[in-house]
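**Student:**
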Amino acid sequence: MEPGFRSSPSDEAQREARDRAVLRTCLPLPAALLLVTAVYATVRYVVFGPWPVGHIPIYVFNKAVSWTALTLLALALSLGPAARLWPARFGMHLWRRRYWGLIGFVLATVHILLSLATLNYAYQRAFFRQAFEFTPIAEFAMLCGALTWLVLLAPLVASLPGVRAAMSARYWGRLQAIGRLALVLVVLHLSYAVAGWFVPAQWPGGLPPITLWSALTALLALGLRVAARLRFGPGDMP
Ligand code: HEM
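So in our numbering, the last one in the sequence shown is 1362, and the numbering has no gaps at all.
(1) At a cut-off of 6 Å, is T1273 close to the ligand HEM when judged by its beta-carbon and the heavy atoms of the ligand?
(2) How would you label G1178, buried or exposed, when you count the other beta carbons within 10 angstroms and need 16 or more for buried?
(3) Please report the straight-line C-alpha distance between S1292 and S1283, rounded to a whole angstrom.
(4) Report the partner residues of Q1254 according to the DSSP bridge assignment.
(5) How big is the Cα-Cα spacing for T1195 and G1357?
(6) Which runs of the alpha helix (DSSP H) spanning at least 4 residues fall entirely within the region 1127-1201, listed in chain order?
(7) Examine the ligand HEM and report whether any of its heavy atoms sits within less than 6 Å of the Cβ of G1178.
(8) Closer than 6 Å to a non-hydrogen atom of the ligand HEM - does that hold for the CB of T1335?
(9) Can the beta-carbon of R1288 be found closer than 7 Å to that of W1296?
(10) Sorry if obvious, but does the Cβ on L1194 come closer than 6 Å to a heavy atom of the ligand HEM?
(11) Is the region 1266-1282 touching the region 1321-1328 in the sense that three or more CB pairs, one from each, lie closer than 8 Å?
(12) When every heavy atom of the ligand HEM is checked, does at least one fall within less than 6 Å of the C-beta of V1310?
(13) Can you tell me the Cα-Cα spacing of M1125 and V1350, whole angstroms?
(14) Under the rule that 16 or more other beta-carbon atoms within 10 Å means buried, what is R1144, buried or exposed?
(15) Measuring straight from C-alpha to C-alpha, what distance separates V1275 and L1147?
(16) With a Cβ-Cβ cutoff of 7 Å, do T1192 and T1161 count as a contact?
(17) Nearest by alpha-carbon distance to L1201: which of G1347, L1354, R1355 is it?
(18) Which one of A1262, L1237, L1238 has the shortest CA to CA distance from R1249?
(19) Exposed or buried, what is W1224 when buried is set at 16 or more other beta-carbons lying within 10 Å of its beta-carbon?
(20) Between the C-alpha atoms of S1134 and P1279, what's the straight-line distance to the nearest angstrom?
(21) Return the Cβ separation of L1307 and A1342 in integer angstroms, given the expectation that the two are a contact with Cβ distance under 8 Å.
(22) At a cut-off of 6 Å, would you count A1255 as near the ligand HEM, judging by its Cβ distance to the nearest heavy atom?
(23) Terminal residues of the continuous alpha helix (DSSP H) containing F1229?
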């Protein structure tokens, strides 16, 4: 449902108000997240870490893009359970899920393109046993990344105009539910970095790894879903 309207807006003023609300959902939060994560990644990898300034545009920025993508997807998948647990506070924001989910998906796709462009021995030495040969954990992580993207296609299709009306409520709900698997798969995608999570002495500038922040965000979103389910039973999330 669009913000503030029970049915399609009928006149120009209503359409303008709706488009303004959509723009306010799509621009400030994603832009602020990109900015904060880009600053964090630059401080961690360039200011305190060994990476030269010249690698900010792709290598460092890719970290901001993937972290922002994951945060937006986790937010989109958390709004349903949050609205169940605290309807007065979050119920009115449910419509934002669609936009944060879409932007998260687009940024995850950009992350994949940037990652494939830098997936070599020079940029990602930890992923390789030797030049041109991945370690088993790198292969596993990559497979989970690809599966994360694939399961996100299900809610993406469900959100297309007309799809809801053309499907039974039950199977449309199932299409949406497949997307929730992304939260588990993305944590597995980040498993390549677990070893570094427990060695704070090696964190540049004492800043925790982005993989750790990202995994915690996904686990928090999963925790919220479990809490809502335990409290209200397995019924459909709004
Ligand atoms: C074919 C699919 C994918 C591939 C090949 C891939 C590849 C990679 C690579 C190579 C890294 C390490 C980047 C680095 O250390 O600089 C990484 C990290 C990461 N990926 Fe993916 N990824 C995929 C899908 C996804 C998806 C769908 C998401 C969901 C948002 C995601 C989220 C992340 C996050 C949050 C990180 C940690 C960022 C960092 O610390 O660098 N990835 N991915």
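Even for Gly, the Cβ is constructed at its ideal location relative to N, Cα and C. A quick note: this is a predicted structure, and the numbers were derived from the prediction, not measured.
**Tutor:** For this structure:
(1) A quick correction: the sequence has Trp, not Thr, at residue 1273. Yes, since a heavy atom of the ligand HEM falls inside the 6 Å radius drawn around the Cβ of W1273.
(2) exposed
(3) 14 Å
(4) E1257
(5) 26 Å
(6) 1136-1150, 1152-1166
(7) no
(8) yes
(9) yes
(10) yes
(11) no
(12) yes
(13) The predicted position of M1125 is uncertain, since its pLDDT is 45 and thus under 50; no value can be drawn from it.
(14) exposed
(15) 26 Å
(16) yes
(17) G1347
(18) A1262
(19) buried
(20) 28 Å
(21) 5 Å
(22) no
(23) 1220-1241
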